[in-house]
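Residue 1499 is where the sequence shown ends in the numbering used here, and the numbering goes up by one at each step.
Where a beta carbon is used, it is the ideal one built from N, C-alpha and C, also for glycine.
The structure under discussion appears below in the form of structure tokens.
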Amino acid sequence: MASLNAIAQRLVEPGKGILAADESEPTIAKRFAAIGLPSTEQLRRDYREMLFRARDAMREHISGVILTEETLLQHAADGTAFRALLADCDVIPGIKVDRGAFPMPGSDGEKITEGLDGLRPRLVHYASLGAGFAKWRGVITISSTTPTRNGIRANAHALARYAMLCQEAGIVPVVEPEVLADGEPGDHSIARCEEVTAETLETVFKELRLAGVDLSGMLLKPNMVLAGTRCAEKPAVEEVARRTVDTLLGHVPAAVPGIAFLSGGQSDEEATAHLSAMNAIGGLPWRLTFSYGRALQNAALVLWKGRAENLKRAQDAFAHRVRMNALASLGQWQPDLDVAA
Ligand code: 5MM
């Protein structure tokens, strides 16, 4: 079995990043509803098959895919196991193991992620199916009354217990504390996001250390430091990059091999521009790459519309986004590359 650090290093290999295709059933239903489709098992399969069969982009620039349990066990229309399709592209299969974020008891508008009960045997099972890494997302909401210290601590504690259970099973934990940019009311400033992200990361790493997690055998999947989506002021790309990097430098130990960002509702191009600007700063102790869901899939989903005749165009759009973000992971993306394509 490859060491946890070796798997983590492969996931953040230069020029590669992670595809988050782990939309839960309610989320994929929402995405499909936006293009006028019902969420059936067959359509979910067809959609994910379309992505996984974008072979060149997957092979060259995707190191791992985060799957749902349904997708980990699923087969393509011709009977090929999705796991075999991914193996053929040298992509590590990952698995979302949280059971979603639910209202936090005693709190006004905060959420706590559930799924720790029974997680140990589930992880053993996923490892036997070839999962090399897992993901758990904790959600932190900014409003006039949140987050509370209790909300941050409870989510950080759950992330740490999950991470330790993963490492016991030989699976690399991707630790995802997401300070929402697009929550309610979503009008917070970038300075407020910076403050909350700093406190969240500080608490998460304190809990990870207390739980005994090997920091060299995990990855962090954080939000970027952004203004809320309904904030009147939109910070420049350089400001987002600088504040995000400074916040990470202040709170993420150098022992962590890599940081793979979530896109969090940014436009496709913003998510790429921010990642590239951060990598252009250089001299950082960890590799910085992407673990995007929406920012890799938005264009492909809209073009696909569930029709076989749109498959190629949708795959091209997905492959394009993957390539742009691969360049961003090297700090080499330029806006004219997107415009030209
Ligand atoms: C793909 O979306 C993931 C699953 O979310 P739900 O459980 O809410 O359906 C999500 O965790 C995702 O991996 C991250 O938020 C990153 O996705 P984005 O779209 O923010 O890049």
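Legend entry - Segment contact flag, the segment 1243-1262 with the segment 1283-1296, C-beta cutoff 8 Å, min 3 pairs: They touch, by the three-pair rule.
Inset, instruction - Report the partner residues of His1233 according to the DSSP bridge assignment. - result: Ala1239.
Inset, instruction - Take the Cβ of Gly1237 as the centre, count every other Cβ of all protein chains shown within 10 Å, and call the residue buried at 16 or more, exposed below. - result: That one is exposed.
Inset, instruction - Would you decide whether Leu1231 is buried or exposed? Buried here means 16 or more other CB atoms lie within 10 Å of its CB. - result: Label assigned to Leu1231: exposed.
Legend entry - Where Gly1309 falls: helix, strand or coil (DSSP): If DSSP states are grouped into helix, strand and coil, Gly1309 belongs with the helices.
Legend entry - Exposure label - Thr1358; buried when at least 16 CB within 10 Å: By the neighbour-count rule (16 or more Cβ atoms within 10 Å), Thr1358 is buried.
Legend entry - Assigned exposure category for Gly1375 - 16 Cβ within 10 Å defines buried: Residue environment analysis places Gly1375 among the buried positions, since at least 16 neighbouring C-beta atoms fall within 10 angstroms of its C-beta.
Inset, instruction - Would you kindly report the start and end of the unbroken alpha helix (DSSP H) that includes Ser1286? - result: Leu1277 to Ser1286 is the extent of the alpha helix (DSSP H) around Ser1286.
Inset, instruction - With a threshold of 7 Å, establish whether the CB of Thr1430 neighbours any heavy atom of the ligand 5MM. - result: Residue side-chain check: Thr1430 keeps its Cβ at 7 Å or more from all non-hydrogen atoms of the ligand 5MM.
Inset, instruction - Could you give the DSSP three-state label for Ile1300: helix, strand or coil? - result: Note: Ile1300 maps to coil in three-state DSSP.
Inset, instruction - Can you tell me which of Lys1188, Gly1267, Ile1176 and Glu1207 puts its alpha carbon nearest to the alpha carbon of Lys1470? - result: When Lys1188, Gly1267, Ile1176 and Glu1207 are compared, the shortest CA-CA separation from Lys1470 is found for Glu1207.
Inset, instruction - Go to Leu1162, then tell me how far its alpha helix (DSSP H) extends in each direction, as first and last residue. - result: Start and end: Leu1162 to Leu1169.
Legend entry - Beta-bridge partners of Pro1172, as assigned by DSSP: Beta-bridge analysis with DSSP links Pro1172 to no other residue.
Inset, instruction - Kindly indicate which residue of Pro1380, Ala1321 and Ser1286 has the alpha-carbon position closest to the one of Val1354. - result: Ranked by Cα distance from Val1354, the first of Pro1380, Ala1321 and Ser1286 is Pro1380.
Inset, instruction - Could you tell me which uninterrupted alpha helix (DSSP H) segments, each at least 4 residues in length, are contained entirely in the segment 1364-1407, listed from first to last along the chain? - result: If one requires a minimum length of 4 residues, no alpha helix (DSSP H) run lies completely within the segment 1364-1407.
Legend entry - Where Lys1269 falls, given that 16 or more other Cβ within 10 Å makes a residue buried: Using a 10 angstroms sphere on the CB of Lys1269, the tally of other CB atoms reaches 16 or more, which defines it as buried.
Inset, instruction - Look at the alpha carbon of Gly1386 and the alpha carbon of Ser1301, and state the distance between them as a whole number of angstroms. - result: Taking the straight line from one Cα to the other gives about 10 Å.
Inset, instruction - Please go through the segment 1446-1488 and give each complete alpha helix (DSSP H) segment of 4 or more residues, from N-terminal end onward. - result: You should have 1452-1462 and 1469-1486.
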